[in-house]
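The next block holds one structure in the form of structure tokens; read it before the comments.
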Amino acid sequence: MRYRASKSIPAKPAFARLVGTLLLAAGALTSSAVAQNTSDLGPNVYIFDPSMSTSQIQATVDSIASQQTGNQFGTQRYALLFKPGVYGSPATPLNFTVGFYTEVAGLGASPDDVVINGSVDVYNQCFGPNNCIALDNFWRSLSNLAINVNTPNFGCYSGEFWAVSQAAPMRRVHITGNSTLMDYCTPPSFASGGFIADSQTGSIVNGSQQQFYVRNSNIGTWSNGVWNQVFSGVTGAPAQSYPNPTYTTLPSTPVSREKPFLYFDSNGKYKVFVPTLQKNSSGISWSNGSAPGQSRSINNFFIANPSTNVEEINLALLFGKSLILTPGVYQLRDTIRVLYPNTVVLGLGFATLVPQTGRPALTVTDVDGVRIAGLIVDAGPINSDALVQLGSSRLRSLDNRFGINLFRDHSSNPSSLSDVFFRIGGAATGSATTSLEINSNDVLLDDIWAWRADHGTGVGWIVNTADHGLVVNGDNVTATGLFVEHYQKEQVLWNGNGGETIFYQSELPYDPPSQSAWTDGTANGYPSYVVSNWATTHQAYGLGIYSFFNQGINIIEDNAMTVPNASGVAIHDVGTVWLNGSGQITHVINGQGATVNSSNADTLSPVVLYP
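The sequence shown maps to residues -35 to -1, 1 to 576 in mature numbering (1 follows the signal peptide of the UniProt record, and there is no 0).
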């Protein structure tokens, strides 16, 4: 067992150098870096008021949806925000669809402060006859409002349709009426989601959704499972029954924190609500109206846009501001550096960070309570060792080497990442060795999708290179809703002790050109999820790992998951599926679990408990 010192050691020289650099940069800046017109959220934030006519709102949202429905790798970003009030009516409902890079959110303190009579929908994309799917319905969101479902004369499309895949969260939504996560009106209707949290709904049709995770919600009924349907802290969830049906159900979520959100208070002021930490919780956080947490004036935030220099952003952070990133693509020539405890970095409209110089897009020092939320982070043209890093990798290396504790206990106020999505290629050529590196302890990861692109621009085995989606070096890190796909080595490499994952979805890389190109020399292929041998405790619940080797080569993966054989390690409800292509996954975990290949396509190979 490692020796643990009584207190952590701050990295004073590095911090001093950083302060000096930023103070030099300050000489070239005006005071506007910290004294800013905080009412300006930019041209891509549309704020609707209940005094506007339904037809006026309808025209605006339809225009944006028309542009964004097929705009998978475009640069446009939008936030559609609704002030408290009622929109639409039983006679004239407000029904609209949500396309790529579009955030739809209410601006109330409670979801019930903003009521839409109508529906807010995502449908299949159709690429030809009998080729209508939701498999690419990424990067959109719905949050903090109530929907009284009203879809008159919609034919098959009756109800609230949210046919999405990864990176399309639904949070703090109150739906009165029926909902479906599958667009069953146009076949074959495949979908690969998804994430719902802190929401109250009626009946939900899962349909073709391969997997889905619901956290801390109240639901009416749930229709069916496919390969991996996971619930934690959900009132009305189906009973634990994996693998038949494929329900993994935990009565509570051991630790969680809801995403920060912008709202409009009763005095006509914008604020950001920062929810508190919850432990062993279930159900919605807003059952009594407002949720537990802290309101912060928007004056405490620096509001950036894509033309803002990163030096201005860092100076504002140095002076103690939190940060709002308005919709757009931020081409970063340096790292955004979060230095202080309890800083909030909140992206609106899927604000996208792209490092241009090989540095990380965002780093966080080893402090309490930082919240990072609502971002896409793209790999840039020069390889980054990591795109986002919490805690210093150098200090973690020293910690591991000498057995001293250089990292603090943050269990009473951990840092958290909510709805943070990584992308290697697809929009542009890019590479990064690791997308997300966690060196700090106790970090919460809530709805993370790390994706090495399998289609789009700059895609190929030697083009969009990336080893790992997530590397965890810190202790007691918790992931609730973790999606990691197509990386070239281990998708997830978990070195820290005391880790816990609730829901994991992963597709192996499609494109290894040969078996020798996809091995470390000790086994065939790389496991998707690896817990390192020096970890003595680790828990995971509800994991699905799939293969589609599409190069016409017989690629083999020996194990989809490997973990140490330690008394404190337990893996619950993990399974593999061969989707298509060639090759096979020989075992599920540590030599256990049946082989999946072309002889049993689309069939789950489950292991209920390991060991």
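Even for Gly, the Cβ is constructed at its ideal location relative to N, Cα and C.
Next item on the list: Report the residue ranges of all alpha helix (DSSP H) runs contained in full by the region 67 to 136; include only those spanning at least 4 residues, in chain order.
Entry: Within the region 67 to 136, no complete alpha helix (DSSP H) run reaches 4 residues.
Next item on the list: Mind checking who Pro240 pairs with in its DSSP beta bridge?
Entry: Here residue 240 refers to the residue found at position 275 when the sequence shown is read from its first residue. DSSP lists Gly258 as partners of Pro240.
Check: Is Leu(-12) helix, strand or coil by DSSP?
Finding: Here the question's residue -12 lines up with position 24 in the sequence shown. Because the pLDDT at Leu(-12) is just 46, under 50, the model does not fix this residue reliably, and the value given afterwards should be weighed accordingly. Leu(-12): helix per DSSP, three-state reduction.
Next item on the list: Could you tell me the distance, in whole angstroms, from the CA atom of Asn96 to the CA atom of Asn60?
Entry: The count along the sequence shown starts at 1 and reaches residue 96 at position 131. The count along the sequence shown starts at 1 and reaches residue 60 at position 95. Each residue's CA atom was taken as its position, placing Asn96 and Asn60 some 25 angstroms apart.
Note to self: Buried or exposed for Asn102, going by 16 or more other Cβ atoms inside 10 Å?
What the structure shows: By one-based count along the sequence shown, residue 102 stands at place 137. Note on Asn102: 16 or more other CB atoms within 10 angstroms of its CB, so buried under the neighbour-count rule.
Note to self: I need the DSSP call for Leu59, collapsed to helix, strand or coil.
What the structure shows: Position 94 of the sequence shown, counting from 1, holds the residue named residue 59. Here Leu59 carries a strand assignment [DSSP, helix/strand/coil].
Item checked: Inter-residue spacing [alpha-carbon to alpha-carbon] between Val572 and Gly558 -> Here the question's residue 572 lines up with position 607 in the sequence shown. Here the question's residue 558 lines up with position 593 in the sequence shown. The alpha-carbon separation between Val572 and Gly558 amounts to approximately 6 angstroms.
Check: Between which two residues does the beta strand (DSSP E) containing Gln504 stretch?
Finding: As a working mapping, residue 504 is identified with position 539 in the sequence shown. That run of the beta strand (DSSP E) goes 502 to 514.
Next item on the list: Below 7 angstroms CB to CB, which residues in the same chain sit around Asn498 once its five sequence neighbours on both sides are set aside?
Entry: Residue mapping note: residue 498 aligns to position 533 of the sequence shown, counting from 1. Within the same chain, Asn498 has close Cβ partners Pro529.
Check: Any idea if Pro58 is buried or exposed, counting beta-carbon neighbours within 10 angstroms, 16 or more meaning buried?
Finding: Position 93 of the sequence shown, counting from 1, holds the residue named residue 58. Only buried fits Pro58, as 16 or more other CB atoms lie within 10 angstroms of its CB.
Next item on the list: Please say whether Phe226 and Phe238 have beta carbons closer to each other than 8 angstroms?
Entry: Numbered from its first residue, the sequence shown carries residue 238 at position 273. Numbered from its first residue, the sequence shown carries residue 226 at position 261. Yes, the Cβ-Cβ distance between Phe238 and Phe226 is below 8 angstroms.
Margin query: I need the boundaries of the alpha helix (DSSP H) containing Leu280, first residue and last residue.
Written below: Reading the sequence shown from its first residue, position 315 is the one you call residue 280. Segment 275 to 283, the alpha helix (DSSP H) holding Leu280.
Item checked: Bridge partners - Met526, DSSP secondary structure assignment -> Residue numbering aside, residue 526 sits at position 561 when the sequence shown is read from its first letter. Within the DSSP secondary-structure output, Met526 pairs in a beta bridge with Tyr494, Ile554.
Note to self: Within 10 Å of its beta-carbon, does Phe448 have 16 or more other beta-carbons around it, so buried, or fewer, so exposed?
What the structure shows: Position 483 of the sequence shown, counted from the start, is the residue given in the question as residue 448. Under this definition Phe448 is a buried residue.
Next item on the list: State the Cα-Cα distance for the pair Gly(-9) and Val138, rounded to the nearest angstrom.
Entry: Locating residue -9 in the sequence shown gives position 27, where the first residue counts as 1. Locating residue 138 in the sequence shown gives position 173, where the first residue counts as 1. Only weak support is given to the placement of Gly(-9): the predicted model assigns it a pLDDT of 46, under 50, and the value that follows is read from those uncertain coordinates. The alpha-carbon atoms of Gly(-9) and Val138 are separated by roughly 46 angstroms.
Next item on the list: Tell me where the alpha helix (DSSP H) around Ser31 begins and ends.
Entry: Working through the sequence shown from its first residue, we reach residue 31 at position 66. Per DSSP, Ser31 belongs to the alpha helix (DSSP H) from 19 to 33.
Check: Would His420 be called buried (16 or more neighbouring beta carbons within 10 Å of its own) or exposed?
Finding: Taking the sequence shown and counting its residues from 1, one reaches residue 420 at position 455. Burial call: exposed.
Checklist line | Distance between Gly248 and Pro134 (C-alpha atoms, nearest Å) | finding: Here the question's residue 134 lines up with position 169 in the sequence shown. Here the question's residue 248 lines up with position 283 in the sequence shown. In this model, Pro134 and Gly248 are separated by some 17 angstroms (Cα to Cα).
Checklist line | Beta carbon of Ile301 nearer than 8 angstroms to that of Thr322 | finding: The residue given as residue 301 occupies position 336 in the sequence shown. The residue given as residue 322 occupies position 357 in the sequence shown. Taking 8 angstroms as the Cβ cut-off, Ile301 and Thr322 do not qualify as a contacting pair.
Margin query: Just to confirm, is the Cβ distance from Pro474 to Tyr452 under 8 angstroms?
Written below: Here residue 474 refers to the residue found at position 509 when the sequence shown is read from its first residue. Here residue 452 refers to the residue found at position 487 when the sequence shown is read from its first residue. Cβ distance < 8 angstroms, so Pro474 and Tyr452 count as in contact.
Next item on the list: Decide if the region 176 to 196 is in contact with the region 207 to 217; the criterion is three or more beta carbon pairs, one per stretch, under 8 angstroms apart.
Entry: Enough Cβ pairs lie closer than 8 angstroms, so yes.
Note to self: Let me check understanding here. Comparing Cα to Cα, which of Ser206, Leu110, Pro292 lies closest to Thr273?
What the structure shows: Stepping through the sequence shown from its first residue, residue 273 is reached at position 308. That would be Pro292, whose Cα lies nearest to the Cα of Thr273.
Notebook entry, point to check: How long is the line joining the alpha carbons of Gly461 and Ile403, rounded to whole angstroms?
Noted result: Translated into positions along the sequence shown, residue 461 becomes position 496. Translated into positions along the sequence shown, residue 403 becomes position 438. The straight-line gap from Cα to Cα measures roughly 9 angstroms.
Next item on the list: In the DSSP assignment, find the unbroken beta strand (DSSP E) run with Ile347 in it and report its ends.
Entry: For the purposes of this step, residue 347 is identified with residue 382 of the sequence shown, where counting begins at 1. First-last for Ile347: undefined, no H or E at that position.
Note to self: Using a Cβ distance threshold of 8 angstroms, determine whether the region 476 to 496 contacts the region 507 to 525, with at least three qualifying pairs required.
What the structure shows: Yes, since at least three Cβ pairs between the region 476 to 496 and the region 507 to 525 fall closer than 8 angstroms, the two stretches touch.
Notebook entry, point to check: Which of the three DSSP states, helix, strand or coil, is assigned to Ser396?
Noted result: Here residue 396 is taken as the residue at index 431 of the sequence shown, counted from 1. Correct three-state label for Ser396: coil.
Notebook entry, point to check: Which residues bound the beta strand (DSSP E) around Ile289?
Noted result: Numbered from 1 along the sequence shown, position 324 holds the residue referred to as residue 289. Its beta strand (DSSP E) spans residues 287 to 290.
Check: Do you know offhand how far Arg136's Cα is from Gly285's?
Finding: Taking the sequence shown and counting its residues from 1, the one referred to as residue 136 is at position 171. Taking the sequence shown and counting its residues from 1, the one referred to as residue 285 is at position 320. About 28 angstroms.
Check: Once you ignore the five residues that flank Thr3 on each side, which residues in its own chain have a CB closer than 8 angstroms to its CB?
Finding: What you label residue 3 is simply residue 38 of the sequence shown in a count that begins at 1. Note that Thr3 scores 39 on pLDDT, short of 50, meaning its location in the model is unreliable and no value can be drawn from it.
Check: Would Ala30 pass as a contact of Gly64 if the rule is Cβ separation under 8 angstroms?
Finding: Taking the sequence shown and counting its residues from 1, the one referred to as residue 30 is at position 65. Taking the sequence shown and counting its residues from 1, the one referred to as residue 64 is at position 99. Yes, the Cβ-Cβ distance between Ala30 and Gly64 is below 8 angstroms.
Notebook entry, point to check: Which one or two residues does DSSP pair with His139 in a beta bridge?
Noted result: Within the sequence shown, the letter at position 174 stands for residue 139. Paired residue(s): Ala111, Gln165.
Notebook entry, point to check: For Ser471, does the three-state DSSP call read helix, strand or coil?
Noted result: As a position in the sequence shown, residue 471 is number 506, starting the count at 1. It is a strand residue.
Check: By how many angstroms is the C-alpha of Ser168 removed from the C-alpha of Asn115?
Finding: Start at 1 with the first residue of the sequence shown, and residue 115 comes out as number 150. Start at 1 with the first residue of the sequence shown, and residue 168 comes out as number 203. For Asn115 and Ser168, the distance between alpha carbons rounds to 15 angstroms.
Notebook entry, point to check: Does the distance from the CB of Ala132 to the CB of Asp148 come in under 8 angstroms?
Noted result: Here residue 132 corresponds to residue number 167 of the sequence shown, with the count starting at 1. Here residue 148 corresponds to residue number 183 of the sequence shown, with the count starting at 1. Not closer than 8 angstroms, so no.
Checklist line | Same chain, Cβ closer than 8 angstroms to Gly439, neighbours up to 5 away in sequence not counted | finding: If you number the sequence shown from 1, residue 439 lands on position 474. Excluding positions up to five away in sequence, the list reads Leu355, Gly356, Arg361, Phe372, Ile403, Asn404, Ser405, Asn406, Asp407, Val408, Gly461.
Next item on the list: Name the residue from Val85, Thr141, Gly93 whose alpha carbon lies nearest to the alpha carbon of Tyr122.
Entry: For the purposes of this step, residue 122 is taken as the residue at position 157 of the sequence shown. For Tyr122, the nearest C-alpha among the options comes from Val85.
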